[in-house]
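In what follows, a single structure is set out as structure tokens and then discussed.
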Amino acid sequence: MSHSRITGVGHYVPERVVTNRDLERRMETTDAWIRERTGIQERRFFDPDQDTVATMGANAARLALQRAGLQTSDVDFIVFATLSSDYYFPGSGVLMQRELALPGIPALDVRMQCSGFIYALSVADQFVRSGMYRTVLVVGSEIQSTIMNISTEGRAMAVIFGDGAGAAVVQATEDAGHRILSTHLHADGRFAEELMQKEPGGSRVGRWMTREMVEAGGADPYMNGPAVFKHAVVRFPEVIYEALDANGYRSEDLDLLVPHQANLRINEHVRQKMGLPEEKVFNNIQKYGNTTAASIPIALSEAWEAGRVQAGNLICLAAFGSGFTWASALIRW
Ligand code: UT7
């Protein structure tokens, strides 16, 4: 059985920068509140004339392929993670496949929200190690600015989430020295309603969105922020230690932790709890806010560009989010 390795990473963010001050003009909030509670300074909002979840994913994927020294025609499987798919169905995986002109190549959609990229990476890893596919595109892409209620009513979430896309190329390798070591996935559906968007529809709701549902606020996403925070600060270290333990490593062996970017305070809490120095945790939430399934691949791509991901490094990815779901991946780069 072969191993799998990440051979290229890339990201794409829309050009339009929305600062905290811009949001101050649209709702009762302050730059100080947002920075203090989340660390976010600005985020990107998509351009409706230019960007879709699928095209943003394709842009990130093309860069990842280029950095891997590959052509789009080398791809034999796509795993696409998003909570903000272009259509309710079909998923965005097939739309990105069309965008990349890869007819016939299978495309699988993953709906695991903030943990989506690691779940998708795990799927790619299993398929590559089983020998079924050799070159897999793993993509996380989100347009959340259209889902948010950008007003005082929706401010608890609207100031946090942003748009963007990231991608990784996962390839088969015989080289055990540079590979994905393991992935660890978890979920606890007892907390499904703590971070959710009820509408539009869904079989549980039983019918499609009506004017009454919109007026009742059902179309707005809902988050019990403090509850999510409380679970996140426990699950993050737990799932990172799980990955380290599974491979016989300790936290001091880590070269870089790339956590999901939900809140700078969460990541700082995890860093301190694990006794990691600042330079061993990568954060870019200040610039992009929370881009859900895209946050880890965007951060990984930026960390790679900054030279903070070098061959031989021990890299850990970790996420927590809606579901609840949480996950980690340990990589010998
Ligand atoms: O990626 C998915 C996973 N998501 C997360 O990990 C998010 C986890 N949770 C969090 O990051 C934090 O809970 C938040 C950043 C969402 C909120 O921070 P918090 O310190 O938990 O604030 P809070 O929700 O307890 O709200 C505190 C106050 C409230 O006012 P009162 O009731 O104390 O008068 C809110 O109404 O802040 C108010 N508030 C705001 N004020 C200004 C809520 N949103 C805003 C806002 N601007 N945007």
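For what it's worth, this note's numbering labels the leading residue of the sequence shown as 1, then goes sequentially.
Glycine residues also receive a C-beta, built at the ideal position from the N, C-alpha and C atoms.
Source: prediction; values computed, not measured.
Using alpha carbons as the reference points, say which of the options lies closest to residue i.
{"i": "alanine 311", "options": "Asp255, Arg265 and Phe324", "result": "Asp255"}
{"i": "arginine 155", "options": "Gly166, Ala262, Met132 and Met223", "result": "Met223"}
{"i": "serine 328", "options": "Phe236, Tyr133 and Thr19", "result": "Phe236"}
{"i": "glutamine 97", "options": "Ile118, Ala61 and Leu83", "result": "Ala61"}
{"i": "glycine 406", "options": "Ala107, Glu99, Leu100 and Leu102", "result": "The chain is shown only over 1 to 333; residue 406 falls outside these bounds and no answer can be derived."}
{"i": "asparagine 290", "options": "Asp22, Gln41 and Val9", "result": "Gln41"}
{"i": "arginine 265", "options": "Met56, Val110, Thr146 and Ile160", "result": "Ile160"}
{"i": "proline 14", "options": "Phe191, Arg35, Glu24 and Phe45", "result": "Phe45"}
{"i": "arginine 341", "options": "Thr325, Leu95 and Gly131", "result": "This structure cannot speak to residue 341, because the chain is shown only from 1 to 333."}
{"i": "alanine 165", "options": "Met209, Val138 and Arg26", "result": "Val138"}
{"i": "glutamine 286", "options": "Glu24, Glu36, Arg5 and Val9", "result": "Glu36"}
{"i": "isoleucine 385", "options": "Glu238, Ile6, Arg16 and Asp188", "result": "It is not possible to answer for residue 385, since the shown part of the chain is limited to 1 through 333."}
{"i": "tyrosine 133", "options": "Asp175, Ile78, Leu95 and Ser115", "result": "Ile78"}
{"i": "alanine 227", "options": "Ala192, Ala216, Asp253 and Glu212", "result": "Ala192"}
{"i": "glycine 104", "options": "Ala303, Gly93 and Met112", "result": "Gly93"}
{"i": "leucine 95", "options": "Gly10, Ala58, Met157 and Ala299", "result": "Ala58"}
{"i": "valine 234", "options": "Gly39, Phe320, Met112 and Leu63", "result": "Phe320"}
From what residue to what residue does the alpha helix (DSSP H) around residue i run?
{"i": "tyrosine 12", "result": "Looking at the DSSP string, tyrosine 12 is not in any alpha helix (DSSP H); the run it does join, the beta strand (DSSP E), is 3-12."}
{"i": "aspartate 76", "result": "First-last for aspartate 76: undefined, no H or E at that position."}
{"i": "isoleucine 180", "result": "Careful: isoleucine 180 lies outside any alpha helix (DSSP H), inside the beta strand (DSSP E) at 179-187."}
{"i": "leucine 65", "result": "53-67"}
{"i": "proline 297", "result": "295-305"}
{"i": "methionine 96", "result": "92-99"}
{"i": "asparagine 267", "result": "264-274"}
{"i": "arginine 129", "result": "116-130"}
Hey, is residue i close to the ligand UT7, as in C-beta under 7 Å from one of its heavy atoms?
{"i": "isoleucine 34", "result": "yes"}
{"i": "threonine 29", "result": "yes"}
{"i": "leucine 195", "result": "yes"}
{"i": "alanine 327", "result": "no"}
{"i": "glycine 225", "result": "yes"}
{"i": "glycine 312", "result": "no"}
{"i": "isoleucine 160", "result": "yes"}
{"i": "phenylalanine 89", "result": "no"}
{"i": "alanine 246", "result": "no"}
{"i": "asparagine 263", "result": "yes"}
{"i": "asparagine 289", "result": "Reading off the sequence shown, one finds glycine at residue 289, where the question assumed asparagine. No, the beta carbon of glycine 289 sits no closer than 7 Å to any heavy atom of the ligand UT7."}
{"i": "glycine 321", "result": "yes"}
{"i": "cysteine 114", "result": "yes"}
{"i": "isoleucine 266", "result": "yes"}
{"i": "phenylalanine 45", "result": "no"}
{"i": "histidine 186", "result": "no"}
{"i": "phenylalanine 229", "result": "yes"}
{"i": "threonine 55", "result": "no"}
Hey, residue i and residue j are a contact pair by Cβ (cut 8 Å); roughly how many whole angstroms apart?
{"i": "valine 170", "j": "leucine 121", "result": "7 Å"}
{"i": "isoleucine 180", "j": "aspartate 125", "result": "5 Å"}
{"i": "proline 221", "j": "methionine 209", "result": "Not quite, the Cβ-Cβ distance comes to about 14 Å (not below 8 Å), so this is no contact."}
{"i": "histidine 3", "j": "arginine 129", "result": "6 Å"}
{"i": "glutamate 99", "j": "alanine 32", "result": "Their Cβ separation, rounded to whole angstroms, is 41 Å, which puts glutamate 99 and alanine 32 out of contact at 8 Å."}
What is the residue span of the beta strand (DSSP E) that residue i lies within?
{"i": "alanine 318", "result": "314-321"}
{"i": "alanine 327", "result": "325-332"}
Going by DSSP, which residues form a beta bridge with residue i?
{"i": "alanine 167", "result": "Gly10 and Val139"}
{"i": "methionine 223", "result": "Leu195"}
{"i": "threonine 19", "result": "Glu42"}
{"i": "proline 106", "result": "Answer is none; proline 106 lacks a bridge partner."}
{"i": "leucine 257", "result": "Val281 and Cys316"}
{"i": "alanine 172", "result": "Ser4"}
{"i": "phenylalanine 161", "result": "Asn290"}
{"i": "phenylalanine 80", "result": "Asp109 and Val139"}
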